[in-house]
Amino acid sequence: MASLTTFTDEARIALDTLSGRATGLFSPSMRLGVTGLSRAGKTVFITAFVHNLIHGGRLPLFEAQKSGRISRAFLEQQPDDAVPRFQYEDHVAALVDQRIWPDSTRAISELRLTIEFESASGWNRMFSAGKLSVDLVDYPGEWLLDLPLLGKSYDDFSREAFELARLPVRADLSEAWRALAATVKPEADADEMTARRLAETFSAYLKACKDDERALSTLPPGRFLMPGDLEGSPALTFAPLPGLGQRARPGSLHAMMERRYEAYKTHVVKPFFREHIARLDRQIVLIDAMQALNAGPGAIADLERAVTEILACFRPGRGNLLTDLFSRRIDRILVAATKADHLHHESHDRLQSIVRRLTDRAVARANLSGAEVEVLALAAVRATREGTVKQGRETLPVIIGTPIEGEAIGKERFDGNTETAIFPGDLPEKADVVFQDFGTNHRQDANDPTIRFVRFRPPRLERTAEGVTLSLPHIRLDRALQFLIGDHLA
Ligand SMILES: Nc1nc2c(ncn2[C@@H]2O[C@H](COP(=O)(O)OP(=O)(O)OP(=O)(O)O)[C@@H](O)[C@H]2O)c(=O)[nH]1
Ligand SMILES: [Mg+2]
């Protein structure tokens, strides 16, 4: 009898599902996490992702689109009313009409894209047209830096902060903060002014690390860089203290800092990850290796550290302090090296290897078992074309684009309007080379950069003879789409 009950239950569920499909009520949704440190390209990626689907962009490797099975892609109301909507139209207008990149994201936002398609399988086609809703979440990349803090005590956080601050690539920037911290006694009575001065100098140091020239990545706590609605809040008035080891005496500065750090985790960090990141089904991790390569081995090592710590937090299973936060299991992760349009295509595979090497250990350590991981070099929006330039007898592969006003190579400064051909240089054939620190603390010799990195304006969009604007150009965005949502459109 028992087996009969099971059978009828299963049959009922199956029937419910089928009738749901038939009446069109069955509309599966997928929550796609677009993860990445600040300036990695999340906002641009989401905009290009949606734009290419809505406008039927050129996506030869995205099977559903190529075979003409997508009948419609459109924006729908998002599921969470309490979260602001991702300002898709504004971002498109900026990219396409003004040819400027979006500003740094200051708060969380969300967007739902629904795709109507014809299933490739005859069986599914019998019941209804297919429909998939993809929920995309955008947030300031700095906040991601807080995820690893959830597993760290205040004393761990303090110790690591001082260790990092003493590294050659950071020592000069952290000097003022370390000097101030050296004058403070953690066991002394708590004092608000001392806490404030420490928090201010500590966050000034973190901000300096983020500047282009250093391009460092491991800079928690994230809200010190991008406070969002916590600007000026006491929740951010804490900083690491030196020489800890003993339990904090009640009433001491140590105890006060520790309490605030724990409050930051409980009231700021946890809710953000629980509500937005823990419910992901799939994830794309965007990594801007170009900026770090440009800044030197110190920046690369720092990027690797940040990515490893963050990916480790997504590790499933016991022993992971964060597991209780995650309600779903992520089954696919795409690690994408962004801004590949800064390089000639001959170097794309090399960029991919560098990012693979950078995440290898992270992925192995994170033991993301069950999740399929792929690595790809892409450009969500391709700002350059390729060409060749003759120099003497040599023919050099170049990229052609409009550098942003104020960008410079050597003595040459760009005006933001002139198209320029740039020889971007080659990435080393062996990925290992960029991970070797030869003792230089930061930037390589400015006269001898491995790659020449300038920011380009978004591309001028081509129009057809009828005046129709074509979709945003990209590099390998179609492969990313195929990996991330292709199987759901099968
Ligand atoms: N050439 C090129 N530049 C890109 C691309 N994607 C991003 N960028 C550049 O990278 C910058 C940052 O991109 P965003 O999408 O704003 O980065 P983000 O991850 O949203 O950054 P936060 O909001 O600060 O966390 C842009 O202003 C562009 O200069 C791309 O596909 N090609
Ligand atoms: Mg953004």
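In terms of the numbering used here, the sequence shown opens at residue 26 and continues consecutively.
Just so you know, even glycine gets a beta-carbon here, dropped at the ideal spot from N, CA and C.
Taking the alpha-carbon of residue 231 as reference, which of 79, 275, 283, 167 has the nearest alpha-carbon? 167
For residue 293, three-class secondary structure by DSSP: helix
Would you say the beta carbon of residue 301 is closer than 7 angstroms to some non-hydrogen atom of ligand 1? no
Our contact map puts residue 432 next to residue 369 with C-beta atoms below 8 angstroms; I'd like the distance itself, whole angstroms only. Between residue 369 and residue 432 the Cβ distance is about 18 angstroms, and since that is not below 8 angstroms, they are no contact.
Runs of alpha helix (DSSP H) lying entirely within the region 70 to 115, each at least 4 residues, in chain order: 88 to 91
Does DSSP classify residue 428 as helix, strand or coil? strand
Where residue 104 falls, given that 16 or more other Cβ within 10 Å makes a residue buried: exposed
With a CB to CB cut of under 8 angstroms and the five nearest residues on each side skipped, what residues in its chain are close to residue 401? 359, 360, 361, 362, 377, 501, 504, 505, 508
With the cut-off set at 8 angstroms, would you say residue 206 and residue 269 are in Cβ contact? no
For residue 402, write down the residues that DSSP places opposite it in a beta bridge. 362
Is residue 163 near residue 130, with beta carbons less than 8 angstroms apart? yes
Using the C-alpha atoms, what's the distance from residue 209 back to residue 165? 33 angstroms
Span separating the alpha-carbon of residue 147 from that of residue 302: 35 angstroms
Return the CA-CA distance between residue 514 and residue 144, expressed in angstroms with no decimal places. 7 angstroms
Cβ shell of residue 54 (< 7 angstroms), same chain only, five flanking positions each side left out: 158, 160
Taking one C-beta from the region 378 to 388 and one from the region 414 to 424 each time, how about it: are there three or more such pairs within less than 8 angstroms? no
Could you tell me if residue 493 is buried or exposed, where buried requires 16 or more neighbouring beta carbons within 10 angstroms of its beta carbon? exposed
Residues that DSSP places opposite residue 413 in a beta bridge: 422
Through-space distance from residue 242 to residue 459, alpha-carbon basis: 16 angstroms
Run through DSSP, which three-state label would residue 227 get? helix
I need the straight-line Cα distance from residue 50 to residue 354, nearest angstrom please. With a pLDDT of only 48 at residue 50, under the threshold of 50, the placement of this residue in the model should not be trusted; the figure read from the coordinates follows. One C-alpha to the other measures close to 25 angstroms.
Using a Cβ-based criterion (distance less than 7 angstroms to any ligand heavy atom), does residue 171 qualify as near ligand 2? no
Cβ-heavy atom distance, residue 554 to ligand 2, below 7 angstroms: Outside the shown range of the chain, which is 26 to 515, sits residue 554, and nothing can be said about it.
Identity of the residues DSSP links to residue 310 by a beta bridge: 60, 360
Do you know offhand how far residue 281's Cα is from residue 495's? 57 angstroms
Whole angstroms are fine: how far does the CA of residue 83 sit from the CA of residue 77? 8 angstroms
Under the three-state DSSP convention, the category residue 378 falls into: helix
If you count every other CB in all the chains shown that lies within 10 Å of the CB of residue 98, and 16 or more means buried, which is it? buried
Residue-level contact to chain C via CB, residue 327, 8 angstroms cutoff: Going by chain labels, chain C is absent from the structure shown, which holds only one protein chain.
Contact set for residue 26: own chain, Cβ-Cβ below 7 angstroms, skip 5 residues either direction: Caution is warranted here: a pLDDT of 40 is assigned to residue 26, below 50, making its placement in the model unreliable, and no coordinate value can be reported.
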